[in-house]
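Trainee:
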Ligand SMILES: *[C@@H]1O[C@H](CO)[C@@H](O)[C@H](O)[C@H]1NC(C)=O
Ligand SMILES: *[C@@H]1O[C@H](CO)[C@@H](O)[C@H](O)[C@H]1NC(C)=O
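In the numbering used here, the protein residues as written are 1 to 192.
1. Do residue 99 and residue 58 have their beta-carbon atoms positioned less than 8 Å apart in this structure?
2. Within the continuous beta strand (DSSP E) that includes residue 166, where are the two ends?
3. Compare the Cα-Cα distances from residue 164 to each of 49, 28 and 37 and report the closest residue.
4. Pull up the DSSP beta-bridge partners for residue 126, would you.
5. Hey, out of 131, 150 and 96, whose CA is closest to residue 75's CA?
6. Tell me which same chain residues have a C-beta within less than 6 Å of the C-beta of residue 65, skipping the five on either side of it?
7. Helix, strand or coil, according to DSSP, for residue 105 in the structure here?
8. Under the criterion of a Cβ to heavy atom distance below 7 Å, does residue 51 qualify as lining ligand 2?
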């Protein structure tokens, strides 16, 4: 009787191990944000902007270079966020807000989503702290995407973020960032 139970139990133990194995494997994965694409437009009368993403297997960084040609004030900024963007189908944005860009530079906390981006950009270059913005080269190298996490009230998903800066009815800067989530294995170099 006892040997019969052992024999029937052995295959079921093996089955259990097979089922549990991938679950145990999942614990050593981590999710990282990866930039799929960045599309930048700028108005050459005011500035020349370029955005260059750098992806390595374990992280994603972006360089942002803004060559401002003339003194600028009275700017507004429009943040639009689309989540779960399936290529070709643009749905209603999850979030769409326009704010005074000069106020935002003085006090980024007026905009919680903008503040997260502002903090990471500022850390990597010479961010102006108020208007008017002087004609100069503003360069930010290696802005880490891992630092640009959405606030908790947004789902951690694929998204497209548009940052539009305008002066009255003129476009100054229009940057669109397509970001996705990738799962990678934890290693000594990519800790969890
Ligand atoms: C804009 O910047 C890019 C990269 O920094 C440069 O290659 C290009 O010549 C610039 N264009 C103008 C009009 O300044
Ligand atoms: C965002 O809202 C403004 C008005 O507040 C509207 O004009 C604009 O079309 C909206 N953008 C998108 C992408 O829906």
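We treat Cβ as the ideally placed atom computed from N, Cα and C, and that holds for glycine.
A quick note: this is a predicted structure, and the numbers were derived from the prediction, not measured.
Mentor: In short:
1. Position 58 of the chain shown, counted from the start, is the residue given in the question as residue 58. Position 99 of the chain shown, counted from the start, is the residue given in the question as residue 99. Contact flag unset, no.
2. The count along the chain shown starts at 1 and reaches residue 166 at position 166. Element bounds for residue 166: 159-167.
3. For this step, residue 164 is matched to residue 164 along the chain shown. The shortest C-alpha separation from residue 164 is found at 49.
4. As a position in the chain shown, residue 126 is number 126, starting the count at 1. Partner(s): none; residue 126 has no beta bridge.
5. For this step, residue 75 is matched to residue 75 along the chain shown. Closest option to residue 75, Cα to Cα, is 131.
6. Here residue 65 is taken as the residue at index 65 of the chain shown, counted from 1. Excluding positions up to five away in sequence, the list reads 50 and 139.
7. The sequence position of residue 105 within the chain shown is 105, counting from 1. Helix, per DSSP.
8. Taking the chain shown and counting its residues from 1, one reaches residue 51 at position 51. No, ligand 2 has no heavy atom inside 7 Å of this Cβ.
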